[in-house]
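For reference, the structure is listed below as structure tokens.
Residue numbers (this note's numbering): 1 to 259.
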């Protein structure tokens, strides 16, 4: 979910390999393949999916019953608090938009309709400001947070809600990708992107993975630190329903769709 650079991608590969070592030490982990470019969201619904990270919004809307929650990372980036994260509302630096209310009638760039950080959190943020079910002049679906940022930089959109973990990795790895941008505010917090496993993965394997994440070995802890992951938390459905609450609050304002 956070392949913002080759080094970050390699870091998550190393994390996966460290977890495989734990499984193998317990007699599991045979015949495992690493899929770098899975077709999402279909991949998440594979019953034999050993381990992946997903967004909390599709988990609630389509993946419950197909996956089991393992643990939620607590990232060490601005906008993160414990295992919660938020979206940074990003605009062009020095432009006319100084507050969220000042974005009325502007163009929003959004990565995906199933994104909690890019769509759901933004919808919740602007819902109290909407009039007759509208706030933006237009919404452009970009396909990724990186693409949304580029649209704002190029003047093809005025605003985007960006996962603060993505933003944190970009500040560290490719700071020039954020040139000319400013954060006007942050969205309401919600649980970060969980690590999940497929419904057919045996209970013993599932518990081995969960235990490894919640009580990491020194080796695994070192890999986590390189990825700016402080720890993993045992979040469950009772935590992720907070994402549904954001959508419900937007609907209560008469703003069911980002518009």
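Backbone N, C-alpha and C define an ideal beta-carbon position, used for all residues, glycine too.
It should be emphasised that the depicted structure is a prediction, and the values quoted were computed from it without experimental measurement.
Cα separation between residue i and residue j?
{"i": "residue 144", "j": "residue 151", "result": "11 Å"}
{"i": "residue 9", "j": "residue 230", "result": "18 Å"}
{"i": "residue 13", "j": "residue 44", "result": "18 Å"}
{"i": "residue 2", "j": "residue 227", "result": "10 Å"}
{"i": "residue 77", "j": "residue 212", "result": "23 Å"}
{"i": "residue 141", "j": "residue 148", "result": "8 Å"}
{"i": "residue 27", "j": "residue 208", "result": "10 Å"}
How should residue i be labelled, buried or exposed, when 16 other C-beta atoms within 10 angstroms of its C-beta is the threshold for buried?
{"i": "residue 236", "result": "exposed"}
{"i": "residue 99", "result": "exposed"}
{"i": "residue 70", "result": "buried"}
{"i": "residue 206", "result": "buried"}
{"i": "residue 274", "result": "This structure cannot speak to residue 274, because the chain is shown only from 1 to 259."}
Looking at residue i: is its Cβ nearer than 9 Å to the Cβ of residue j?
{"i": "residue 161", "j": "residue 196", "result": "no"}
{"i": "residue 107", "j": "residue 156", "result": "yes"}
{"i": "residue 72", "j": "residue 114", "result": "no"}
{"i": "residue 337", "j": "residue 66", "result": "Any question about residue 337 goes unanswered here, given that the chain covers just 1 to 259."}
{"i": "residue 80", "j": "residue 193", "result": "no"}
{"i": "residue 134", "j": "residue 166", "result": "no"}
Who are the near neighbours of residue i in its chain, counting only those whose CB is closer than 7 Å to its CB and skipping five residues on each side?
{"i": "residue 246", "result": "120, 121, 124, 188 and 190"}
{"i": "residue 222", "result": "none"}
Helix or strand or just coil, what does DSSP make of residue i?
{"i": "residue 24", "result": "helix"}
{"i": "residue 61", "result": "helix"}
{"i": "residue 190", "result": "strand"}
{"i": "residue 77", "result": "coil"}
{"i": "residue 16", "result": "helix"}
{"i": "residue 270", "result": "Only positions 1 to 259 of the chain appear in the structure, and residue 270 is not among them; the question remains open."}
{"i": "residue 195", "result": "strand"}
Excluding the 5 residues preceding and the 5 following residue i in the sequence, name in chain order all residues of the same chain whose CB lies nearer than 6 Å to its CB.
{"i": "residue 34", "result": "none"}
CB-CB under 8 Å to residue i, same chain, minus the five flanking residues each way: which ones, in chain order?
{"i": "residue 7", "result": "173"}
{"i": "residue 93", "result": "180, 181 and 182"}
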